[in-house]
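Okay, so the sequence shown: first residue is 160 according to our numbering, each after it adds one. Where a beta carbon is used, it is the ideal one built from N, C-alpha and C, also for glycine.
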Amino acid sequence: MYAAAAKTAIRAGFDGIDIHGANGYLIHQFIQDITNQRTDEYGGSIENRARFALEVTDAVVEAIGAERTGFRISPWGTFYGMGMTDSKPQFSYVVEQLRKYKLAYLHVVEPMPYEITAEINSDFIRNIWKGVEGSTFISTNGHTRNSAIETADKKGGLIGFGRLFMPNVSYSFAHLTVTDAAVLPGLIFHSEFLASP
């Protein structure tokens with residue numbers, strides 16, 4: 160199903176696809192111990208809970224190539240009853256395995272800025288993903304213009320915006336004016352936001 164959808168997207172003119180392993184959707188439910196209560200080869204251990212996500216990735220990469228495939232995770236997300244007590248061991252394993260594919264990117268839903276602590280942050284994922292040739296780390300969730308620039312400068316990768324833009328397309332560049340062109344490679348702007356309102 161995922162491979163067929165990926166092939167269809169490419170035939171329809173998409174540049175690539177984002178495997179959605181976040182926000183309480185199916186893949187995320189398999190990864191999380193709080194929802195995955197299976198006792199077969201897809202449940203129980205860290206490796207088994209990651210199996211479905213990795214099988215989906217295998218199928219999609221085989222169908223369209225790793226260079227056209229990204230993967231989205233939300234280790235700290237609580238949508239739809241998610242929220243492991245300790246997500247680091249599980250997501251460390253998932254990201255270590257995803258790293259082997261050399262995907263186009265890893266898209267990480269970070270904790271909201273007010274939730275970040277020494278224990279609750281995505282730096283452990285950045286450290287695992289660092290050095291994947293031809294790939295990048297995309298940070299998203301609650302970024303402001305200043306936090307986006309600071310994150311890109313200090314930690315690298317790209318910054319994704321969604322929440323502020325989806326309901327307010329005219330919000331776009333009025334609040335994200337960048338005077339230093341050097342920071343532009345660290346920011347993602349979706350084409351629909353570049354058009355004049």
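For residue i, the three-state DSSP class (helix, strand or coil)
i	result
I169	helix
T198	coil
L265	strand
F348	Legend: pLDDT at F348 = 44, less than 50; position of this residue unreliable, no value from coordinates given.
D177	strand
S251	helix
I279	coil
S298	strand
F320	coil
I284	helix
T216	helix
T310	helix
I193	coil
L185	helix
G293	coil
G203	coil
G240	helix
Cα-Cα separation, residue i to residue j
i	j	result
D282	P270	11 angstroms
V268	G202	24 angstroms
V215	T167	16 angstroms
F348	G319	Here the model assigns F348 a pLDDT of 44, short of 50, so the residue's position is not dependable and the matter cannot be decided.
T217	L185	According to the sequence shown, residue 217 is Asp rather than Thr. D217 and L185: Cα-Cα distance of roughly 16 angstroms.
A277	R304	23 angstroms
A165	N280	31 angstroms
Cutoff 8 angstroms; reference residue i; Cβ partners in own chain excluding five residues on either side
i	result
K259	none
G316	R285, T295, F296, I297, S298, T310 and G345
G236	A181, N182, G183, H187, G242 and V268
G229	G175, I176, D177, I178, L262, A263, Y264, L265, H266 and I297
N195	Q188, F189, Y201, G202 and R208
Supposed close pair residue i, residue j - CB separation, criterion 8 angstroms
i	j	result
K261	A225	5 angstroms
V219	Y264	In fact, because the Cβ distance is near 14 angstroms, the residues do not count as touching under 8 angstroms.
I275	G240	Between G240 and I275 the Cβ distance is about 22 angstroms, and since that is not below 8 angstroms, they are no contact.
Check: residue i C-beta below 8 angstroms from any heavy atom of the ligand NAP
i	result
W235	Among the components of this structure there are no ligands whatsoever, and the ligand NAP is therefore not found.
Test item: CB-CB of residue i and residue j under 9 angstroms
i	j	result
A163	A212	no
G175	R227	yes
F250	I190	yes
E200	Y252	no
A179	R231	Checking the sequence shown, residue 179 turns out to be His, not Ala. Their beta carbons are under 9 angstroms apart, which means H179 touches R231 by this criterion.
C-beta neighbour in chain B for residue i, strict 9 angstroms
i	result
G236	Checking the listed chains, one finds no chain B in this structure; it contains a single protein chain.
Same chain only: Cβ atoms within 7 angstroms of residue i, ignoring 5 sequence neighbours per side
i	result
G290	none
I287	S251, V254, E255 and R258
K313	none
R170	none
Beta-carbon contacts of residue i that lie in its chain and below 6 angstroms, excluding the five residues immediately before and after
i	result
A340	Per-residue confidence for A340 stands at a pLDDT of 42, beneath the threshold of 50, marking its modelled position as unreliable; the derived number appears in the next sentence. Around A340: no qualifying Cβ.
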